[in-house]
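Visitor: Before I ask anything, let me first share the structure, which is written out below as structure tokens.
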Amino acid sequence: MFDLATATPDCADGGVWLACIDCGQRLAPFDIPVYRCPDCDGLLEARYEQYPTFEEFSGRGVWRYDAALPFESGVSLPEGDTPLHEVPRLESDLDVRSLRVKHEGMNPTGSFKDRGMTLGVRVAEELDVSRLACASTGNTSAALAAYGGRAGLETLVLLPAGKVAAGKVAQAALHGARILEVDGNFDACLDIVSDLAERGEAYLLNSLNPFRLEGQKTIGFEILEAFRDDYGRFPDRIVLPVGNAGNTAALYKAFRELVQSGALAEEEVPMLTGVQAEGAAPMVEAIEEGWDDTERWESVETRATAIRIGNPVNAPKAIPGIRATGGTAVAVSDAEITDAQRSLAAEGVGVEPASAASVAGLRKLRDEGVIESEEDVVCLTTGHLLKDPDAAAAAGSEPEPVPNGTEAVLDHLSG
Ligand code: F0G
14 MFDLATATPD
24 CADGGVWLAC
34 IDCGQRLAPF
44 DIPVYRCPDC
54 DGLLEARYEQ
64 YPTFEEFSGR
74 GVWRYDAALP
84 FESGVSLPEG
94 DTPLHEVPRL
104 ESDLDVRSLR
114 VKHEGMNPTG
124 SFKDRGMTLG
134 VRVAEELDVS
144 RLACASTGNT
154 SAALAAYGGR
164 AGLETLVLLP
174 AGKVAAGKVA
184 QAALHGARIL
194 EVDGNFDACL
204 DIVSDLAERG
214 EAYLLNSLNP
224 FRLEGQKTIG
234 FEILEAFRDD
244 YGRFPDRIVL
254 PVGNAGNTAA
264 LYKAFRELVQ
274 SGALAEEEVP
284 MLTGVQAEGA
294 APMVEAIEEG
304 WDDTERWESV
314 ETRATAIRIG
324 NPVNAPKAIP
334 GIRATGGTAV
344 AVSDAEITDA
354 QRSLAAEGVG
364 VEPASAASVA
374 GLRKLRDEGV
384 IESEEDVVCL
394 TTGHLLKDPD
404 AAAAAGSEPE
414 PVPNGTEAVL
424 DHLSG
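The structure is reproduced here in structure tokens:
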């Protein structure tokens, strides 16, 4: 499952090529835009002549990891280098050996999508495309608008009408994307934008695009390096929210590459543990049922709108990752997500609801005894609190109106 070894094919460009994860077909990476295998429709993955070791990483941010990427630089705002927070009260409350929170909300547009977008836009430049597009539950659209705009390219985003948090729509709008609100959910938006891409109308920058995941791999490298620097060992488990399952697939790829180069032992690979909202949990269903892919949920609902997804396109990449690392997947309720959002906020870590799903999932799996108290755990929080101000306000304390005057304020406080 961890094996990536393969001889360099003729189609490689600069030591990089694309391979179909199902039939093994190999494709040139930068001749024309390609998102799926032309033979069998399987997902594509970037492959390299050489895989990285920790010693090769130097510099800052996503591009510190250029030894594991197809290029040495790209449009950068800059992204990466996010904090690995200590959360001492949560750590003792959840009773694990250690708990750290990797806060991806600290990226330039407030989510981990920036890591994929710096790569994706670099590839778009290589392919010389003019219009970039994505379907989005919000964060991808904000990142695409910012990075595409910075590169001087036209950006088009398709959003599920009425189901995207206010901060994200505002970002996409101000960074200059053309926003189309579709009367359907995220999965319908992705169907449409995939059709547009197939017809050559736009370059697709959803996580179906294998290069987006190359950028997101760097989350895995950063976690391993930072955790090792602090504790002298690697974490046992990484718990993360799952929507399209791109991040799960990307982390698994980061670990496979380090195993391939000999930098990481197989038994050191952290257990990938995915968390979904109960109202949108096709990955949890697939893991529980032992399937190799998800079955599409036509109807999905959760307050964590970022992960309101019924057809995770990267499931065939992510499911083997969860299984091979000994991880699992769990569904949590919206109430559990809000509780976790409050617990994180009490430690000073402000996240949007989807992000808090990771901590909610950890709590549930600790309660069920699936995660043990000897474990070193990292929870990934994927987006910033301000992305969804309405959810934050609803979960937080009520403002109290007071009269205009110090005595009245003191009366109110002692009342
Ligand atoms: N957390 C947040 C805050 C997200 O925005 C997303 C996905 C995820 C988790 C799930 O990540 O898809 O890699 O499993 N947001 C996408 C978007 C779908 O359009 O912004 P995944």
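Last residue of the sequence shown: 428 in the working numbering, with the numbers rising by one and none dropped. All C-beta atoms, glycine included, are put in the ideal place defined by N, C-alpha and C. Values in this document were obtained by computation on a predicted structure and should not be read as measured data.
Run through DSSP, which three-state label would residue 45 get?
Guide: Reduced to three states, the DSSP call for residue 45 is coil.
Visitor: So residue 352 is in the alpha helix (DSSP H); what residue range does that whole segment cover?
Guide: Segment 347 to 359, the alpha helix (DSSP H) holding residue 352.
Visitor: Under a three-way DSSP split, which group does residue 76 fall into?
Guide: In the structure shown, residue 76 sits in a helix (DSSP, three-state: H, G or I).
Visitor: For residue 115, name the three-state secondary structure that DSSP assigns.
Guide: Reduced to three states, the DSSP call for residue 115 is strand.
Visitor: Distance check for residue 417 and residue 343, CA to CA, integer angstroms please.
Guide: Rounded to whole angstroms, residue 343 to residue 417 spans 49 Å at the Cα level.
Visitor: My assumption, with CB atoms under 8 Å, is that residue 115 sits in contact with residue 97. Please give the rounded CB distance.
Guide: Yes, they are in contact, since the Cβ atoms of residue 115 and residue 97 sit about 5 Å apart, within 8 Å.
Visitor: Could you say which of 283, 308, 331, 365 lies nearest to residue 315 if we only look at CA atoms?
Guide: Per the Cα distances, 365.
Visitor: Which class does residue 172 belong to by DSSP, given the choice of helix, strand or coil?
Guide: Here residue 172 sits in strand by DSSP.
Visitor: Using a Cβ distance threshold of 8 Å, determine whether the stretch 98 to 105 contacts the stretch 344 to 364, with at least three qualifying pairs required.
Guide: These segments touch.
Visitor: Count the other CB atoms, across all protein chains shown, that sit within 10 Å of the CB of residue 63; report buried if there are 16 or more and exposed otherwise.
Guide: It is exposed - the Cβ of residue 63 has fewer than 16 other Cβ atoms within 10 Å.
Visitor: Span of the beta strand (DSSP E) holding residue 61?
Guide: It spans 57 to 61 - the beta strand (DSSP E) in which residue 61 sits, taken as one unbroken run.
Visitor: Between which residues of its own chain and residue 210 is the CB-CB distance below 8 Å, once the five residues before and five after are set aside?
Guide: Cβ within range, chain order: 46, 48, 146, 216, 217.
Visitor: Evaluate residue 254 with the Cβ neighbour count: other Cβ atoms within 10 Å of its Cβ, from every protein chain shown; 16 or more gives buried, anything less gives exposed.
Guide: Residue 254 should be labelled buried.
Visitor: Looking only at C-alpha atoms, which of 176, 327, 296, 198 sits nearest to residue 219?
Guide: It is 327 whose Cα lies nearest to the Cα of residue 219.
Visitor: Do you know whose CA, among 269, 182, 92, lies nearest residue 59's CA?
Guide: Answer by Cα proximity: 269.
Visitor: Identify the continuous beta strand (DSSP E) that holds residue 202 and give its terminal residues.
Guide: Looking at the DSSP string, residue 202 is not in any beta strand (DSSP E); the run it does join, the alpha helix (DSSP H), is 199 to 211.
Visitor: Consider the C-beta atom of residue 134 and the heavy atoms of the ligand F0G; say whether any pair is separated by less than 7 Å.
Guide: Not so, every heavy atom of the ligand F0G lies at least 7 Å from the Cβ.
Visitor: Can you round the beta-carbon distance between residue 259 and residue 229 to whole angstroms, since I take them to be within the 8 Å contact cut?
Guide: Contact holds; Cβ gap of about 7 Å.
Visitor: What do you get for residue 319, buried or exposed, if any count of 16 or more other CB atoms within 10 angstroms of its CB means buried?
Guide: It is buried - the Cβ of residue 319 has at least 16 other Cβ atoms within 10 Å.
Visitor: According to DSSP, simplified to helix, strand and coil, what is residue 31?
Guide: DSSP places residue 31 in strand when its eight states are reduced to three.
Visitor: Exposed or buried, what is residue 33 when buried is set at 16 or more other beta-carbons lying within 10 Å of its beta-carbon?
Guide: Buried is the call here.
Visitor: Tell me residue 392's beta-bridge partners as DSSP assigns them.
Guide: Residue 392 pairs with 114, 252.
Visitor: Count the other CB atoms within 10 Å of the CB of residue 78; is the residue buried (16 or more) or exposed (fewer)?
Guide: That one is buried.
Visitor: Pull up the DSSP beta-bridge partners for residue 144, would you.
Guide: Partner(s): 167.
Visitor: When the Cα atoms are used, what is the spatial distance from residue 367 to residue 324?
Guide: Straight-line Cα distance between these residues: approximately 17 Å.
Visitor: Taking 7 Å as the cut-off, does the CB of residue 8 come closer than this to any heavy atom belonging to the ligand F0G?
Guide: Since the displayed the chain opens at 14 and closes at 428, residue 8 lies outside it and no answer follows.
Visitor: By the 10 Å Cβ neighbour count, where 16 or more other Cβ atoms means buried, how is residue 425 classified, buried or exposed?
Guide: Residue 425 comes out exposed.
Visitor: Use the C-beta contact count for residue 156: other C-beta atoms within 10 angstroms, 16 or more gives buried, fewer gives exposed.
Guide: So residue 156 ends up on the buried side.
Visitor: What three-state label does DSSP hand residue 188 in the structure shown?
Guide: The answer is coil: DSSP assigns residue 188 none of H, G, I, E or B.
Visitor: Report the rounded CA-to-CA distance for residue 29 versus residue 247, giving the unit in angstroms.
Guide: C-alpha separation (whole angstroms): 29 Å.
Visitor: DSSP three-state call for residue 216: helix, strand or coil?
Guide: Of the three classes helix, strand and coil, the one that applies to residue 216 here is strand, per DSSP.
Visitor: Examine the ligand F0G and report whether any of its heavy atoms sits within less than 7 Å of the Cβ of residue 126.
Guide: Checking the Cβ of residue 126 against the ligand F0G gives yes.
Visitor: For residue 353, count neighbouring Cβ atoms within 10 angstroms of its own Cβ and tell me buried if that reaches 16, exposed if not.
Guide: Buried: at least 16 other Cβ atoms inside 10 Å.
Visitor: How about residue 285 and residue 264: do their beta carbons lie closer than 8 Å?
Guide: Their beta carbons are under 8 Å apart, which means residue 285 touches residue 264 by this criterion.
Visitor: When you measure from the CB of residue 365 to every non-hydrogen atom of the ligand F0G, does any distance come out below 7 Å?
Guide: Yes, the ligand F0G has a heavy atom inside 7 Å of this Cβ.
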